[in-house]
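Data first, discussion second: the structure below is written as C-alpha cells.
Here is the structure:
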C-alpha cells in the first residue's frame with residue numbers, strides 16, 4: 002500500500018495529449034475554436050488542482066497495480082502520444098515526406114492492438130482460450146469484411162462509371178473503394194470491441210481494493226482508445242472529400258490514360274486537355290473530365306463520321322430531375338420577364 006495519485010496523473014497526461022490533438026485537427030477559423038481553448042484550459046486546471054489536493058490528503062490509499070496492468074496502461078499512454086504525433090504530421094504534411102505520417106499511423110495502430118492484446122492477456126487463462134477465440138474472430142471477420150467490401154466496391158464503381166460489373170475486377174479504383182469500406186466496417190467493429198472490453202474489465206480485477214480502482218484502471222486504458230477512435234472519426238469526417246479525392250486521383254493515374262483510340266488513330270479532347278480515358282471495350286471508353294474540384298463522367302463511343310467519337314454524359318434519375326427543374330425554372334423566369342415587360346408598356 003502506498004499513497005498515490007497515479008491514475009489522476011495519467012488522466013491529466015491523457016487529457017493534455019488529446020486536448021492538443023483536438024487543437025491540431027480543428028480549423029482555427031472554426032466558431033468553436035475559442036470555446037475549445039477555454040474549456041480545455043478550465044478542465045486541465047481543475048484536474049491539476051484535484052491532483053494537488055489528493056497529494057495533500059493522507060487517506061488516498063490504493064493497492065499497487067500488478068505488472069501486466071501497468072504495462073497495459075503504459076501501452077495506452079504510448080498510443081495517445083503516437084496519435085498526437087500523427088495528427089501533427091498530417092497538419093504539416095505539405096512540408097514533410099508522406100512516409101512519416103504513414104509510418105506514424107502504422108505505429109499507432111500497432112500500439113492500439115498491443116494495448117488490447119495486453120489487456121486480454123491480463124485475465125486470460127493458462128490455455129489462452131480467449132486469445133485463441135479472438136484470433137479466430139479476427140481471421141474470419143477479416144475474410145467476411147473483405148469479401149463484402151470488395152463486392153460493394155465493385156458495385157459502386159460499376160454504378161458510378163456505368164460500366165459492366167465484370168470490368169471492375171482489375172481496376173485499382175475498386176481496390177481503393179474496397180479499402181474505404183473495410184475501414185468503415187473495422188471502425189465500427191473497433192468501437193464494439195472497446196465497449197465489450199470495458200464491460201468485461203470490472204470482472205477481472207478481483208485483487209483491487211475498491212470498485213473505484215476498477216473504474217480508474219478502465220478509464221486509463223479504454224478512455225484513450227475511445228478518444229483516439231472518436232477524434233479520428235471527426236478528422237475523417239472533416240477530410241472525407243480530400244481523402245477520397247486523393248485515393249481516386251492516385252488510382253486514376255493507373256486505370257486511365259490521356260488519349261483514346263478511334264478511327265485507327267489516337268485522339269484526345271482539345272476542349273478538355275486534362276481529360277482521362279478509361280478503356281472498357283473496343284471503341285468504348287469512359288471520359289473523366291475535370292470539373293472544379295470534381296470530375297464528370299461521360300461515355301465515349303467511336304463512330305465512323307467526324308469527329309469520329311460521340312460523347313454522352315453519364316446521368317442517373319436525379320440528374321434528369323434536376324434538369325427538368327432547371328428547365329421549368331428557366332421557363333418561369335422567361336414568362337415573368339415577358340409579363341413584366343408587357344405591364345411596363
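In our numbering, the protein residues as written are 2 to 346. We treat Cβ as the ideally placed atom computed from N, Cα and C, and that holds for glycine. Just so you know, these numbers come straight off a predicted model, no measurement behind them.
Nearest to residue i (by Cα), restricted to the options the options
| i | options | result |
| --- | --- | --- |
| residue 261 | 308, 220, 249 and 112 | 308 |
| residue 278 | 138, 19 and 288 | 288 |
| residue 18 | 81, 73 and 28 | 81 |
| residue 116 | 224, 168 and 54 | 224 |
| residue 271 | 142, 102, 310 and 118 | 310 |
| residue 293 | 197, 306 and 275 | 275 |
| residue 168 | 325, 302, 281 and 33 | 281 |
| residue 296 | 196, 339, 191 and 315 | 315 |
| residue 317 | 338, 328, 84 and 163 | 163 |
| residue 265 | 123, 94, 245 and 304 | 304 |
| residue 106 | 85, 123, 197 and 337 | 85 |
| residue 165 | 258, 34, 286 and 259 | 286 |
| residue 79 | 35, 15 and 273 | 15 |
| residue 138 | 194, 92 and 175 | 194 |
| residue 175 | 259, 36, 245 and 335 | 245 |
| residue 83 | 95, 102 and 94 | 102 |
| residue 92 | 306, 134, 171 and 24 | 24 |
| residue 171 | 197, 130 and 253 | 253 |
| residue 40 | 20, 267, 197 and 130 | 20 |
Three-way DSSP call (helix, strand, coil) for residue i in this model
| i | result |
| --- | --- |
| residue 317 | coil |
| residue 360 | Given that the chain is displayed from residue 2 to residue 346, the structure contains no residue 360 and the question cannot be resolved. |
| residue 309 | coil |
| residue 289 | strand |
| residue 270 | coil |
| residue 282 | strand |
| residue 95 | helix |
| residue 295 | strand |
| residue 333 | helix |
| residue 257 | coil |
| residue 304 | coil |
| residue 63 | Residue placement at residue 63 is poorly supported in this model, since its pLDDT is 48, which falls under 50; the coordinates still yield a value, given next. Strand. |
Rounded distance between the beta-carbons of residue j and residue i, thought under 8 Å
| i | j | result |
| --- | --- | --- |
| residue 26 | residue 229 | Not confirmed; about 12 Å, so no contact. |
| residue 290 | residue 161 | Between residue 161 and residue 290 the Cβ distance is about 14 Å, and since that is not below 8 Å, they are no contact. |
| residue 121 | residue 132 | 6 Å |
| residue 248 | residue 177 | 4 Å |
| residue 13 | residue 38 | With a Cβ gap of about 17 Å, residue 13 and residue 38 do not count as contacting. |
C-beta atoms of residue i and residue j nearer than 8 Å
| i | j | result |
| --- | --- | --- |
| residue 11 | residue 221 | yes |
| residue 77 | residue 226 | yes |
| residue 263 | residue 284 | yes |
| residue 88 | residue 22 | yes |
| residue 146 | residue 187 | yes |
| residue 323 | residue 255 | no |
| residue 97 | residue 90 | yes |
| residue 312 | residue 326 | no |
| residue 351 | residue 119 | Since the first and last residues shown for the chain are 2 and 346, residue 351 lies out of range. |
| residue 243 | residue 190 | no |
Below-8 Å beta-carbon distance, residue i vs any chain C residue
| i | result |
| --- | --- |
| residue 141 | Absence of chain C from the displayed structure is noted, only one protein chain being present. |
Checklist entry - Using 8 Å as the threshold, is the region 139 to 154 in touch with the region 179 to 194, meaning 3 or more CB pairs across them? => result A contact is defined here as three or more CB-CB pairs under 8 Å, and the region 139 to 154 meets this definition with respect to the region 179 to 194.
Checklist entry - Counting pairs of Cβ atoms below 8 Å between the region 154 to 168 and the region 226 to 241, do you hit three or more? => result Three or more Cβ pairs closer than 8 Å define a contact, and the region 154 to 168 falls short of that threshold against the region 226 to 241.
Item to check | the region 38 to 45 / the region 104 to 122 touching (three or more Cβ pairs under 8 Å) | outcome: No: the two stretches stay apart, fewer than three of their Cβ pairs being nearer than 8 Å.
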